[in-house]
Amino acid sequence: MDLKLGKNQWRTLPFRFAPDLVAALSARVGQDREASGRQLTIAQYVDAAMRLYLPAATDAQLALAEAFFIRREGDVPAGRQASHRVSPGVYEVASKLPNDLRMVGRARTGVHVYSAALDLFLTALGEEGPLV
447 MDLKLGKNQW RTLPFRFAPD LVAALSARVG QDREASGRQL TIAQYVDAAM RLYLPAATDA
507 QLALAEAFFI RREGDVPAGR QASHRVSPGV YEVASKLPND LRMVGRARTG VHVYSAALDL
567 FLTALGEEGP LV
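This is the structure we're talking about:
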């Protein structure tokens with residue numbers, strides 16, 4: 447609803463996610479579209495994932511990335527980049543993230559931060575079951 451009501455306020459931002467998460471996200475959106483009959487978009491899911499799981503503080507982002515990296519036993523490829531329209535609140539945090547990480551010497555950690563948030567979101571969706 448937020449996207450439909452505040453369409454002009456949503457802005458496009460590039461995100462880089464682990465490739466397996468991109469595939470899992472695409473599959474989930476497709477399943478939910480079919481089950482619900484709604485015109486859902488990947489951007490809506492990215493926004494929800496970041497809104498729910500992306501912390502604003504850099505130290506919390508780094509902790510999230512580290513936990514993801516450990517869960518994956520260090521196996522996190524460079525990732526796939528795509529741009530998505532996100533809500534103003536998500537844009538406020540996510541647009542600053544690359545520079546904030548660069549300022550603390552962790553410029554290449556963004557893929558882990560974004561992937562960690564998306565992974566937590568997809569896990570929670572999986573636990574809830576299909577959208578109906």
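Residue numbers (the numbering used here): 447 to 578.
Heads up, the beta-carbon is just placed ideally off N, CA and C, and yes, glycines get one too.
Per the Cβ contact rule, the segment 464 to 471 is in contact with the segment 556 to 572 (3 or more Cβ pairs under 8 Å). Following the DSSP letters along the chain, one finds A553 in no beta strand (DSSP E), marked with neither H nor E. Take the alpha-carbon of L577 and the one of G483: they are about 10 Å apart. A direct Cα-to-Cα measurement between V557 and Q490 gives close to 19 Å. Counting only residues of its own chain and dropping the five nearest sequence neighbours on each side, P501 has a CB closer than 7 Å to the CB of Q507, L510. Just so you know, the alpha carbons of G520 and F514 end up roughly 9 Å apart.
It is roughly 14 Å from the alpha-carbon of S472 to the alpha-carbon of T569. The three-state reading of DSSP puts A495 in helix, counting H, G and I together. Residue R552 holds the alpha-carbon nearest to the alpha-carbon of D505 among Q485, E574, R552, N454.
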